[in-house]
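Visitor:
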Ligand SMILES: [Zn+2]
């Protein structure tokens, strides 16, 4: 096996999360449960570029055929893109790859910055188009680049936020960027940062929708190979700690101090032994979570979950937690309600009529804990973050 970011053969298995279903496919009924597929979820680490990646790549069409996540519903994310738009005033033409429902295009339009988007989900892209935010529907590939360049000039800024982690072929992506971007143009990439997953023991961030988990080194290497240069990195606080990379279509630019600092830190701290340590920790913490749930059950305490994002699947399948230990999970999205969690098939319910007689809540959507806590009128309910298992106050 070769690294799909830098083609090195120095790539090693570091985490085995067992057999896992697709974390964003919620079966509706018995028939869909029988049809559900599971694959081995193994994470590898490349010693050369310091990227980690999942070996099994599930066909992107299967993953994104019915995608219902609308970014603009998320208030924090909306604010994040409004702030980003303010930094982009000096650019002539901006292309947003993975533009979703126009969460960045919309503030750009307000600032009169010329921009278009590209998004693979038809239903989501059409929402943006209806708002007058020009969106090309389809994957960002060679054909898409040719199609856009027939109608538009080359962009001097390309944004790809939460996109590169989902790619099937990062090298092809970098080559298409190179073809597309103007000479001296800038590429902005935003990713959830691998080092933060490791630090916070967030093994739940690994699932098949996202085969790549980048370090600054791996982003640098990926674009160096097409003649582009990583020159700046900003720390941003979305998705539990992310990085914003600035990459120039030119090799003549100076690297900032903060960029160098992050690269140096990785040189010292991001290696195979860190992953070995992480691997031991996730077994320990998963066992602890399950042991606590068993204790609650023995004490006849009623336990439910709150929030059913993709991470529920990774945690419950790895820790083997079913409705025997978590009675049901409440989620506020009507698209998930009355379905089952992937793999372990815990029922997902709306909050209406389901909030009484509850003793313990495992908060899977822990970013929203403050809002979730307010929903429960009974002050004796206790709340926990699943991994690491901690009481939330
Ligand atoms: Zn590599």
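Residue numbers (the numbering used here): 1341 to 1733. Just so you know, even glycine gets a beta-carbon here, dropped at the ideal spot from N, CA and C.
Quick check: does the Cβ of residue 1348 come within less than 8 Å of any heavy atom belonging to ligand 1?
Guide: yes
Visitor: Quick one: grab the DSSP three-state call for residue 1475.
Guide: strand
Visitor: Please report how far the alpha carbon of residue 1691 lies from the alpha carbon of residue 1680, in whole angstroms.
Guide: 15 Å
Visitor: Tell me whether residue 1558 counts as near ligand 1, meaning its Cβ is closer than 8 Å to at least one heavy atom of that ligand.
Guide: yes
Visitor: Let me know if residue 1646 comes out buried or exposed under the rule of 16 or more other beta-carbons within 10 Å of its beta-carbon.
Guide: Burial call: buried.
Visitor: Let me know if residue 1392 comes out buried or exposed under the rule of 16 or more other beta-carbons within 10 Å of its beta-carbon.
Guide: buried
Visitor: What does the alpha-carbon distance come out to for the pair residue 1627 and residue 1658?
Guide: 10 Å
Visitor: With a threshold of 8 Å, are at least 3 pairs of Cβ atoms found where one atom belongs to the region 1522–1539 and the other to the region 1357–1376?
Guide: no
Visitor: Runs of 4 residues minimum, wholly inside the region 1569–1653: which ones carry the alpha helix (DSSP H) assignment?
Guide: 1597–1609, 1612–1638
Visitor: Taking the alpha-carbon of residue 1515 as reference, which of 1470, 1567, 1553 has the nearest alpha-carbon?
Guide: 1567
Visitor: On the three-pair Cβ rule with 8 Å, is the region 1649–1656 touching the region 1539–1550?
Guide: yes
Visitor: Can we count residue 1351 as close to ligand 1, meaning its CB is less than 8 Å from some heavy atom?
Guide: yes
Visitor: Of the choices 1496, 1631, 1709, whose alpha-carbon is the least far from that of residue 1429?
Guide: With distances taken between Cα atoms, residue 1429 lies closest to 1496.
Visitor: Starting from residue 1511, follow the beta strand (DSSP E) in both directions and report where the run begins and ends.
Guide: That residue, residue 1511, is in no beta strand (DSSP E); its alpha helix (DSSP H) goes 1510–1520.
Visitor: Identify whether residue 1542 lies in helix, strand or coil by the three-state DSSP scheme.
Guide: coil
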